[in-house]
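Enquirer: The opening residue of the sequence shown carries number 876 in our numbering; numbering runs sequentially from there. The structure's right below; bear with me while I get my questions together.
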Amino acid sequence: MSSTYRSTSEAKISNSNDATAQALRGYSNSDAPSDAIYNRCVRCGLCLSSCPTYLETLTETSGPRGRISLIKSVGEGQLDLLSPGFVDQMSECLGCRACEAVCPSGVHYGQLIETARAQIVRVDPGGFWERFGRWFAFRFLFGRLRRLRAVAAMLRFYQRSGLQQFARRCGLLRLLKLERTERLAPAISSSFFVPSGQRFTVSGSRATVFLHAGCIMHIAYADVDRATVRMLNRAGFTVVVPPGQGCCGALSVHAGERDAGRALARRNIEAFERSGADLYIVNAAGCGAALKEYGEWFADDPRWAQRAAAFSAKVRDVIEVLADGQLPATDRRIEETVTYQEPCHLAHAQRIAHAPRALLRLVPGLQLVEMAESSVCCGSAGIYNLTEPEMSERLGRRKIENARATGAQIIATANPGCALQLRAMLAENGAATRVAHVIELLDEAYSS
Ligand code: SF4
Ligand code: SF4
């Protein structure tokens, strides 16, 4: 490989007329980072203090400005696509989009990082086991929810039969180097929330909404799905949960597998169109951000562009729907303190920051105390806690310290990945702080 990357802060690159430049690998035409986007960056640096990896390293290349410079350098033929500095930085970025939310030039950074990763995977898909792992996760497992449920049922048996304690105590997990992965696995729900055409009606319904049951949500946070149905009913919506829906594709697209993500997206679009529902409701921030961007995923596909854009226009996070003032008051009190951890894909990608706090303040007795750096990523970021364990743990510890400094008994959030990371980090510290979805707390306050 022509290793032309020089790890300076600005990644100053060799002259493109240089003979070595002839051998540099660049972007292929489809799904490439757009020059119209990276050229919007005026290098002002206003995004640096929002970037979690920059806050941890104080290194230019570990911040958005440096990464955009790298993406542009590959686009302009000055840096090799597979140069270690480029590949490492595309991997170290969380894709949290905090930079995008504060950028005065409107640099759509999320699109840049996702397409840059897709280009790397296309040119270097890895060895056999890496390719098999990607196929198994993104196409086989997440491609059909029933396969995911079959694996989840085995995991539930492992977690509840005593095997888990045995494996942890006997050192088997350490031997197989699976300790960390096992610790981050979600606790599987007693009963799944399977999309099978359920219809939850209310009299005088305002609208019929399609509930996205999710992939991880329906097997590990099934009670949050059920609480979401109850809260939507209380707000006057009829809720349908049609079969045919599936994973949103966010995990695939974030990992550079855009075609796998689009295959999943097509199924969700078709399921929604068949349902005749007015809105498509989601209760996981990462999924919501992806579903709202289907229009962008299919922008270059004349057969799907219009359908995808129409679909995305109907997607809402349940939090934004419930915060529109239609919920009746409740007098059930929860006498506890809560702090809110902002999921990146709710705060930065969807720009929903006020609504979750407004809903928590609706609960009588519940006292909301703000933590420092609420909007700094907790280090979960899809599969980032598996691919970049060191940075993920640093950010996880930073988040837990900020949360515990508030003295709150509950950490509220709105994304399964954040909840998993927070629980794992709290368990490591032996802390008994509860982690709950905003909708769970609201449902408790409205239950009779
Ligand atoms: S804030 Fe925007 S324009 Fe300024 S350096 Fe960051 S990405 Fe570039
Ligand atoms: S997406 Fe997040 S981690 Fe990546 S450059 Fe932007 S702020 Fe930093």
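We put the beta carbon where it would ideally sit given N, CA and C, even for glycine.
#1: Indicate, with yes or no, if ligand 1 has a heavy atom lying under 7 Å from the CB of R1178.
#2: Based on DSSP bridge pairs, tell me the residues matched to V1115.
#3: Using a Cβ-Cβ cutoff of less than 6 Å, which residues in the same chain neighbour A1247 once the five nearest sequence positions on both sides are dropped?
#4: For my contact list, I943 and L987 are in at a C-beta cut-off of 8 Å; report their separation, rounded to the angstrom.
#5: Report yes if the C-beta of A973 is less than 7 Å from at least one heavy atom of ligand 3; otherwise report no.
#6: Using the Cβ count rule (16 or more neighbours within 10 Å means buried), how would you classify N1143?
#7: Quick check on the DSSP output: the beta strand (DSSP E) that includes A1311 runs from which residue to which?
#8: Helix, strand or coil, according to DSSP, for L1030 in the structure here?
#9: P1129 to L1053, Cα distance in whole Å?
#10: Please tell me whether, using a cut-off of 7 Å, the distance from the CB of I943 to the nearest non-hydrogen atom of ligand 1 is below it.
#11: So, using beta-carbon positions, are P1218 and A1160 closer together than 8 Å?
#12: So for V982, helix, strand or coil by DSSP?
#13: From this set, V1084, L1241, S980, which residue's C-alpha is nearest I1286's C-alpha?
#14: Classify A896 as helix, strand or coil using the three-state DSSP reduction.
#15: At a cut-off of 7 Å, is S925 close to ligand 2 when judged by its beta-carbon and the heavy atoms of the ligand?
#16: Cα separation between R1178 and A1185?
#17: May I ask whether a heavy atom of ligand 1 can be found less than 7 Å away from the beta carbon of P1264?
#18: According to DSSP, is D1192 part of a helix, a strand, or is it coil?
#19: Taking the alpha-carbon of A1025 as reference, which of T1113, N1260, T1212, I1094 has the nearest alpha-carbon?
#20: Whole-angstrom Cβ separation of C1252 and A973, contact assumed at under 8 Å?
#21: Name the DSSP bridge partner or partners of V1213?
#22: What are the uninterrupted segments assigned as alpha helix (DSSP H) that are 4 or more residues long and contained completely in the segment 942–977, given in chain order?
#23: Ignore the nearest five residues each way along the sequence and tell me which others in D1318's own chain have a CB closer than 6 Å to its CB.
#24: With a threshold of 16 other CB atoms inside 10 Å of the CB of M1300, please say whether the residue is buried or exposed.
#25: Figure out for me which residue from A1204, R1273, G1121 has the closest Cα to the Cα of S1255.
#26: Helix, strand or coil for L1295? Go by DSSP, reduced to three states.
#27: Expressed to the nearest angstrom, what Euclidean distance is found between the alpha-carbon atoms of M965 and A1180?
#28: Should I912 and L956 be called a contact, given that it needs their Cβ atoms to be closer than 8 Å?
#29: Rounded to the nearest angstrom, what separates V1157 and Q1284 at their Cα positions?
#30: Is the beta carbon of Y929 within less than 7 Å of some heavy atom of ligand 2?
#31: Please classify I1258: does DSSP put it in a helix, a strand, or coil?
#32: Residues in its own chain within less than 6 Å of Y1169 by CB, not counting five upstream and five downstream?
#33: So the candidates are G1131, V1213, V1313, I1209; which of them puts its Cα closest to the Cα of R997?
#34: Rank E1303, H1312, N1304 by C-alpha distance to the C-alpha of C1293 and give the top, closest one.
Expert: From the atom records:
#1: The residue given as residue 1178 occupies position 303 in the sequence shown. Checking the Cβ of R1178 against ligand 1 gives no.
#2: Taking the sequence shown and counting its residues from 1, one reaches residue 1115 at position 240. Answer is R1074, F1085, bridged to V1115.
#3: Along the sequence shown, one-based indexing puts residue 1247 at 372. Only N1277 meet the Cβ criterion.
#4: For the purposes of this step, residue 943 is identified with residue 68 of the sequence shown, where counting begins at 1. For the purposes of this step, residue 987 is identified with residue 112 of the sequence shown, where counting begins at 1. Correct: roughly 7 Å between the Cβ atoms.
#5: This structure simply doesn't include ligand 3; it includes ligand 1 and ligand 2 instead.
#6: In the sequence shown, the residue the question calls residue 1143 occupies position 268. Under this definition N1143 is a buried residue.
#7: Position 436 of the sequence shown, counting from 1, holds the residue named residue 1311. That run of the beta strand (DSSP E) goes 1309–1312.
#8: If you number the sequence shown from 1, residue 1030 lands on position 155. Three-state DSSP puts L1030 in a helix.
#9: The residue given as residue 1129 occupies position 254 in the sequence shown. The residue given as residue 1053 occupies position 178 in the sequence shown. Checking the sequence, you will find His at residue 1129 rather than Pro. Each residue's alpha carbon lies about 23 Å from the other.
#10: Indexing the sequence shown from 1 puts residue 943 at position 68. Correct: I943 has its Cβ closer than 7 Å to ligand 1.
#11: Residue 1218 sits at position 343 when you count from the first residue of the sequence shown. Residue 1160 sits at position 285 when you count from the first residue of the sequence shown. The answer is yes: Cβ separation under 8 Å.
#12: The sequence position of residue 982 within the sequence shown is 107, counting from 1. Reduced to three states, the DSSP call for V982 is coil.
#13: Taking the first residue of the sequence shown as 1, we reach residue 1286 at position 411. Each of V1084, L1241, S980 was checked against the Cα of I1286, and the nearest Cα belongs to L1241.
#14: Here residue 896 is taken as the residue at index 21 of the sequence shown, counted from 1. At A896 the pLDDT is 47, less than 50, meaning the model places this residue with poor confidence; the figure from the coordinates comes in the next sentence. Of the three classes helix, strand and coil, the one that applies to A896 here is helix, per DSSP.
#15: Translated into positions along the sequence shown, residue 925 becomes position 50. Yes, the Cβ of S925 comes within 7 Å of a heavy atom of ligand 2.
#16: On the sequence shown, position 303 is the one that residue 1178 refers to. On the sequence shown, position 310 is the one that residue 1185 refers to. Distance between the alpha carbons of R1178 and A1185 is about 13 Å.
#17: Residue numbering aside, residue 1264 sits at position 389 when the sequence shown is read from its first letter. The answer is no for P1264.
#18: Your numbering for residue 1192 matches position 317 in the sequence shown. In the structure shown, the three-state DSSP call for D1192 is strand.
#19: Against the sequence shown, residue 1025 aligns to sequence position 150. It is I1094.
#20: As a working mapping, residue 1252 is identified with position 377 in the sequence shown. As a working mapping, residue 973 is identified with position 98 in the sequence shown. The Cβ separation is near 7 Å, so the contact holds.
#21: Numbered from 1 along the sequence shown, position 338 holds the residue referred to as residue 1213. V1213 pairs with L1243, I1285.
#22: Fully contained in the segment 942–977 are the following alpha helix (DSSP H) runs of length 4 or more, in chain order: 959–967, 973–977.
#23: Working through the sequence shown from its first residue, we reach residue 1318 at position 443. Cβ within range, chain order: A1102, R1105, M1106.
#24: Here the question's residue 1300 lines up with position 425 in the sequence shown. With 16 or more other Cβ atoms within 10 Å, it is buried.
#25: One-based indexing of the sequence shown puts residue 1255 at position 380. Among A1204, R1273, G1121, the Cα nearest to that of S1255 belongs to R1273.
#26: For the purposes of this step, residue 1295 is taken as residue 420 along the sequence shown, with counting starting at 1. Helix, per DSSP.
#27: By 1-based counting over the sequence shown, the position of residue 965 is 90. By 1-based counting over the sequence shown, the position of residue 1180 is 305. About 27 Å.
#28: The residue labelled residue 912 in the question sits at position 37 within the sequence shown. The residue labelled residue 956 in the question sits at position 81 within the sequence shown. Against a cut-off of 8 Å, the Cβ pair of L956 and I912 comes out as no contact.
#29: By 1-based counting over the sequence shown, the position of residue 1157 is 282. By 1-based counting over the sequence shown, the position of residue 1284 is 409. Distance between the alpha carbons of V1157 and Q1284 is about 26 Å.
#30: Against the sequence shown, residue 929 aligns to sequence position 54. Yes.
#31: Working through the sequence shown from its first residue, we reach residue 1258 at position 383. Looking at I1258 - three-state DSSP - the assignment turns out to be coil, as it is neither helix nor strand.
#32: In the sequence shown, residue 1169 corresponds to position 294, counting from 1. A1140, A1183, F1186, S1187, listed in sequence order.
#33: Walking along the sequence shown from the start, residue 997 turns up at place 122. The candidate whose alpha carbon is nearest that of R997 is G1131.
#34: Taking the sequence shown and counting its residues from 1, the one referred to as residue 1293 is at position 418. Taking only the C-alpha atoms, the option nearest C1293 is H1312.
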